[in-house]
Structure formats: C-alpha cells, structure tokens
Amino acid sequence: MCPPEHFTVAYAINPWMDTTVVVDAALALKQWQLLRETLAGLGHAVHVLAAQPGLPDMVYAANGAFSVDGTVYGARFKHPQRAAEAAAHQLFYRSQQWRFADPSHVNEGEGDFAYLPGAYGGLILAGHGFRTEAAAHAEAQEVLGRPVVSLRLVDPAFYHLDTALAALDDRHITYYPEAFSPASQRVLAQLFPDAVIADRADAEAFGLNLVSDGRHVILNAEASAMAGKVRAAGYLPVPVELSELKRGGGSVKCAVAELRNQT
Ligand code: ARG
Numbered sequence: 003m004c005p006p007e008h009f010t011v012a013y014a015i016n017p018w019m020d021t022t023v024v025v026d027a028a029l030a031l032k033q034w035q036l037l038r039e040t041l042a043g044l045g046h047a048v049h050v051l052a053a054q055p056g057l058p059d060m061v062y063a064a065n066g067a068f069s070v071d072g073t074v075y076g077a078r079f080k081h082p083q084r085a086a087e088a089a090a091h092q093l094f095y096r097s098q099q100w101r102f103a104d105p106s107h108v109n110e111g112e113g114d115f116a117y118l119p120g121a122y123g124g125l126i127l128a129g130h131g132f133r134t135e136a137a138a139h140a141e142a143q144e145v146l147g148r149p150v151v152s153l154r155l156v157d158p159a160f161y162h163l164d165t166a167l168a169a170l171d172d173r174h175i176t177y178y179p180e181a182f183s184p185a186s187q188r189v190l191a192q193l194f195p196d197a198v199i200a201d202r203a204d205a206e207a208f209g210l211n212l213v214s215d216g217r218h219v220i221l222n223a224e225a226s227a228m229a230g231k232v233r234a235a236g237y238l239p240v241p242v243e244l245s246e247l248k249r250g251g252g253s254v255k256c257a258v259a260e261l262r263n264q265t
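Residues in the sequence shown are numbered consecutively from 3, following the working numbering.
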C-alpha cells in the first residue's frame, strides 16, 4: 500500500476524475489509514511504499505490478502522468529478492489482472480495452506460467478489470457482466456458472473493487447492496469508508497490491 500523502485530482484519465472538485487530503489519509488497520486487524502483513510528490495516483498501489508465486510481472502505465510509479514498485520487489520481469507491453498490474489459485491449477483473469494491452496478457502468461483468460472491457466507467470483477476466494468470482463484451460475458458465464452477479449500481459504488481473503470481503462502505450479496453468498463483508479515493476512480482493491510469495 502507498499512503495518499500527495493525493489530489490534478488530471483526468478516467471518467470518475473531476479536476474541479477539491479533494480532502486529510480525510483521504484518514480513510486510507483505516483501510490499512482493517487489513492488519485481519492478520495481513502490510508493506508501505513511500509516497512521492508529483505522483498523486500512487495511492492506487494495485497498478504497480502483478505477482504470482514469487514472480512479479512489472507494470507499464498507459498514461505519462503515472509512468514513473512503475520504477518505485520495481525497486520494492527487487530489494526484496522477488523474481522481477520487465514488461514490453502496456499493463497496469493488478488493476487488470486477477488471480484464482484454486481454479485449473492457478488461473489469471485479465482485462483489456482501456489500459492494459491484449499483448500484455500473452506476455503475462509467458512470464508467470499460468493460463490467462483475456476479457474485453467495454464501458469506460469500468476501465480496469478490478472495477468490474473480483476474486472472492481461490476459485469463485463476482462481476458486473455488462462491463464486458458479449463474447467475454459468455466466457465468464462458462467458466464461473456460480459467480455472484453484481449490477450497475454495485459497480458504480465500487462494490466490486474489493479485497477478499476467502472469508472477509473488504469493500467500499457505499456499496451496501453489494455487501448484502457477498453475505448471502457466505462471506463476511467488512465495509470501509473510502469516499475520497473514489474521486480518483478507485477504492479498496486499487489501494492494495497483493504480494503472492512462492508457495
Ligand atoms: N486515477 C487512477 C487512474 O485512473 C485510478 C486507478 C485505480 N486503480 C485501480 N486498480 N483500478 O489510473
């Protein structure tokens, strides 16, 4: 995670960002700290990356890389405003002796990659259409040695995979079908017949931008209907207030890069 110490909406690279609205920086930091404490309280070790001036979106740490079993596929940002974030993430992984692969194609890390360790021996779901290039999906498969299912995003409001789909546990997902092309919807229905289906209101409340440990599902407090759906599916929703991070077009999942060590 990376604290929103320099968070602001100074440019607009997704439809949620409105540069005319002033962000409450103190509130953003307070909400982020609560998210961090919530994760720690559930027993997760949280590493903190130092925030850098001039990189207001660095708080969305999920976009910095994607790791599977000790191997890291580095990010390469689409927009120049975020390009320098990749190096900070790379430095973190290299200093911790992770196997790090430099990407040749544009990809925004866990923003567009989800991992299901219990499905087909480890399955990667990947989004393209707005940020990550489809060519990066093939590259991720070569680097990580896991099957990658390519899914096409079609709604600019849900520009990263993690705004429209999330893993609930090692083999189950939740998603908002209309965020995907008709063909990708078929693929998802075929692979995940028992998925928790979200609607547009759930997705707009950033209810799919969640972090799950297989039991606790941490999600944006605004997404109360989504909390009800995950509870009905047998999980324990843990709502956190993240109204300020939503102004940049992100929520819980965007703020967390999962570190998947070697198993
Ligand atoms: N303002 C950031 C951007 O548009 C938000 C990134 C959200 N992160 C995510 N994993 N969806 O790049």
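Glycine included, every Cβ here is placed at the ideal spot set by N, Cα and C.
To the nearest angstrom, how far is it from the Cα of Leu221 to the Cα of Leu44?
Each residue's alpha carbon lies about 14 Å from the other.
Cutoff 6 Å; reference Phe68; Cβ partners in own chain excluding five residues on either side
Cβ within range, chain order: Tyr75, Gly111, Glu112, Phe115.
Selected residue, minimal CA-CA separation from Ala168, among Leu247, Pro6, Ala223, Leu118
Leu118
Can you tell me whether Val24 is helix, strand or coil according to DSSP?
coil
Using DSSP with H/G/I as helix, E/B as strand and the rest coil, what is Ser266?
Outside the modelled stretch of the chain, which goes from 3 to 265, sits residue 266, for which no answer is possible.
Who are Asn211's beta bridge partners in DSSP?
Bridge partners of Asn211: none, in fact.
Can you list, in chain order, the stretches of the alpha helix (DSSP H) that have 4 or more residues and sit fully within the stretch 107–148?
136–146
Sequence-distant residues of its chain with Cβ nearer than 7 Å to Ala88 (five each side left out):
Excluding positions up to five away in sequence, the list reads Gly66, Gly76, Ala77, Arg78, Phe79.
With 16 as the cutoff for other CB atoms within 10 Å, does Ser97 come out buried or exposed?
exposed
Closer than 8 Å is the cut-off here; do at least three beta carbon pairs connect the stretch 208–216 with the stretch 185–194?
no
Could I get the ranges of all uninterrupted alpha helix (DSSP H) runs contained in the stretch 235–264, with 4 residues as the minimum, in chain order?
245–248
Counting C-beta neighbours from all protein chains within 10 Å, is the total for Ser186 16 or more, i.e. buried, or is it exposed?
Ser186 should be labelled buried.
Residue range of the alpha helix (DSSP H) that includes His174
Here His174 belongs to no alpha helix (DSSP H), and DSSP marks it neither H nor E.
According to DSSP, what are the bridge partners of Ile220?
Val213, Val240
Same chain only: Cβ atoms within 6 Å of Val150, ignoring 5 sequence neighbours per side:
Ile126, Ala128, His139, Ala142, Gln143
Please report whether the beta-carbon of Leu36 lies at a distance below 8 Å from any beta-carbon of chain B.
As a matter of chain content, chain B is missing from the structure shown, which is built from one protein chain.
Here's the rule I'm using: 16 or more other beta-carbon atoms within 10 Å means buried, otherwise exposed. How should Glu39 be labelled?
Exposed, because fewer than 16 other Cβ atoms sit within 10 Å of the Cβ of Glu39.
At 3 residues or longer, what runs of the beta strand (DSSP E) sit wholly inside the stretch 51–117?
The stretch 51–117 contains these whole beta strand (DSSP E) runs: 67–70, 73–76, 101–103.
Determine the burial state of Asn263: buried for a count of at least 16 other Cβ atoms within 10 Å of its Cβ, exposed for fewer.
exposed
Tell me where the alpha helix (DSSP H) around Ala205 begins and ends.
202–206
Which value, in whole angstroms, describes the spacing of the CA atoms of Met19 and Val11?
Cα to Cα, Met19 sits roughly 6 Å from Val11.
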